[in-house]
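To start, the structure itself, in structure tokens.
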Amino acid sequence: KAGVTQTPRYLIKTRGQQVTLSCSPISGHRSVSWYQQTPGQGLQFLFEYFSETQRNKGNFPGRFSGRQFSNSRSEMNVSTLELGDSALYLCASSMGPAGETQYFGPGTRLLVL
Amino acid sequence: DAKTTQPTSMDCAEGRAANLPCNHSTISGNEYVYWYRQIHSQGPQYIIHGLKNNETNEMASLIITEDRKSSTLILPHATLRDTAVYYCIVRDNLYNQGGKLIFGQGTELSVKP
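Chains as they are written, first to last, in this note's numbering: chain A, 1 to 113; chain B, 1001 to 1113.
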């Protein structure tokens, strides 16, 4: 079974731009979570989606948003990029919303200049 | 905040068992212990999880103390490819907890020839 895929793998943007990252979960998985990893803050939870609904949200500004489609694929968007948004963005999928084991994708590395 | 405490770093000789400790003294009855590892710049990889009993799979063994306040992840025959940051996470598997994983700083394991 194919794992979690994320596109693009690498991205360079400039301050003020916006970016959209994509995540395709493992086949049959309906829950998708997003995380941000930076050297200073480590791995931090962004949000979680299940059945196209956001169920949980971490402590991030409103510039960070996401959505989930009917096929469980998910996107996250960051608007008005800041230098501090440079990070590895990770997506994880699980079977359902009840805290089943999450499996992570390879991540998208975003560099904001 | 993370509910676990792990040593910052550990060394292990190749071919020997690597024993990674984790303290989770405030763990509640519903919470599971999960272990993930992250090899440099890749997405975290699920290793194993358990509630009360010791668990073993093809990657590792998880030993949980009887009072559940600490656990040890055992890699029976460490190889150079096991060099990674290992994260111990406690989480509730109930529906209302959803997909939020709270990562601490983890243990950086270096396997040396």
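Ideal Cβ placement from N, Cα and C applies to all residues, glycine included.
- Restricting attention to alpha helix (DSSP H) runs no shorter than 4 residues, the stretch 34-76 of chain A encloses none.
- Closer than 8 Å to the CB of leucine 81 (chain A) there is not a single CB belonging to chain B.
- CA-CA distance, isoleucine 1048 (chain B) to alanine 1017 (chain B), rounds to 16 Å.
- By DSSP's assignment, asparagine 1019 (chain B) forms a beta bridge with B:Ile1074.
- The criterion of a C-beta distance shorter than 8 Å is not satisfied by phenylalanine 69 (chain A) and valine 4 (chain A).
- Interface with chain A (8 Å Cβ-Cβ cutoff): isoleucine 1102 (chain B) is included.
- Taking CB atoms only, asparagine 59 (chain A) has no neighbour in chain B less than 8 Å away.
- In this structure alanine 1078 (chain B) is not in contact with isoleucine 1039 (chain B), their Cβ atoms being roughly 14 Å apart against a cut-off of 8 Å.
- Shown here for asparagine 71 (chain A): not one same chain residue has a beta carbon closer than 8 Å to its own, the five before and five after excluded.
- In the three-state reduction of the DSSP assignment, glycine 1043 (chain B) falls in the coil class.
- The C-beta distance from leucine 1080 (chain B) to tryptophan 1035 (chain B) rounds to 20 Å, too long to fall under 8 Å, and the pair is not in contact.
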